[in-house]
Structure formats: C-alpha cells, structure tokens
Amino acid sequence: MARTEKLRPAHLSPDTLPPLDIAGAFVRRTDLSGASLQNANLAGADARNARFVGTDFKDANLKGTVLLGADLTDARNLTVEQLSEAIVDETTLLPDYIDGSKLVRRPTTVVN
2 MARTEKLRPA
12 HLSPDTLPPL
22 DIAGAFVRRT
32 DLSGASLQNA
42 NLAGADARNA
52 RFVGTDFKDA
62 NLKGTVLLGA
72 DLTDARNLTV
82 EQLSEAIVDE
92 TTLLPDYIDG
102 SKLVRRPTTV
112 VN
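As structure tokens, then:
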C-alpha cells in the first residue's frame, strides 16, 4: 500500500530565498522583467537581448555580464559602477537615471 504524507506549506519570498546565482549562464532573450536580482551573481552571464524592465539590481554582481541589446528600462537600484563592469554597447537600453556617457560602451564585436 502506498504511503501518503502531507507536505507542509512552504513560504517562498524574496526574504527567504537565497540570492540567484547564474554566473556564466546563457540567458539570451530571457524576460526577467520585474524580477528581484538583489545580491544576485550574474558574473560572466550572456544576457544578450534579455529584458530586465523594472528589475531590481541592488548589489547584483554584473562583472563581465554581456548586456548587448538588453532592455534595462525602468530597472531599479542599478548603478554606473555595476554597468561599468558589464559589457554594454549602443544597443543596450538604459534606465533614465543612468548617464550613458559615463559608461565605456564596447563596439558590438562579441560573437553571436
């Protein structure tokens, strides 16, 4: 006879989940709009043409993250310092509060 057990309800909230770690992941064209990426590790991830509209980047690691063609409009808690460590170009859409002239925009030479 099969044994049945009741599962206890789980409460999953941003306060109880560990930070996301997608270092080196291939997340091209992924829609992460509105997500909380607080303290997330995106180092070296390929997020080309991904959507991050309204996404929270507080204390996220973007070192070497490929953001070519990514849509960061209305992203929250994103800093020039974070973007300076990422790979961005003229096709990267930035939030209004980021002064794009302070960024080193690399020519689009990364192999698709």
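Counting from 2, one number per residue, gives the positions in the sequence shown under this note's numbering.
All C-beta atoms in this analysis are idealised placements derived from N, C-alpha and C, irrespective of residue type, glycine included.
Computed from a predicted structure; not experimentally measured.
Query, Result
"Count the other CB atoms, across all protein chains shown, that sit within 10 Å of the CB of VAL105; report buried if there are 16 or more and exposed otherwise.", "exposed"
"Compute the Euclidean distance between the alpha carbons of THR93 and VAL67, then round it to the nearest angstrom.", "10 Å"
"Quick one: residues in its chain with C-beta nearer than 6 Å to the C-beta of ALA41, no 5 flanking neighbours on either side, listed in chain order?", "PRO20, LEU21 and ALA61"
"Going by Cα to Cα distance, which pick from ALA76, ASP57, GLY70 and ARG29 is closest to ALA48?", "ARG29"
"With 16 other CB atoms within 10 Å as the buried threshold, where does LEU13 fall?", "The pLDDT assigned to LEU13 is 49, lower than 50, so where the model puts this residue is not dependable; a value taken from the coordinates is nonetheless given after this. Exposed, by the Cβ-count rule."
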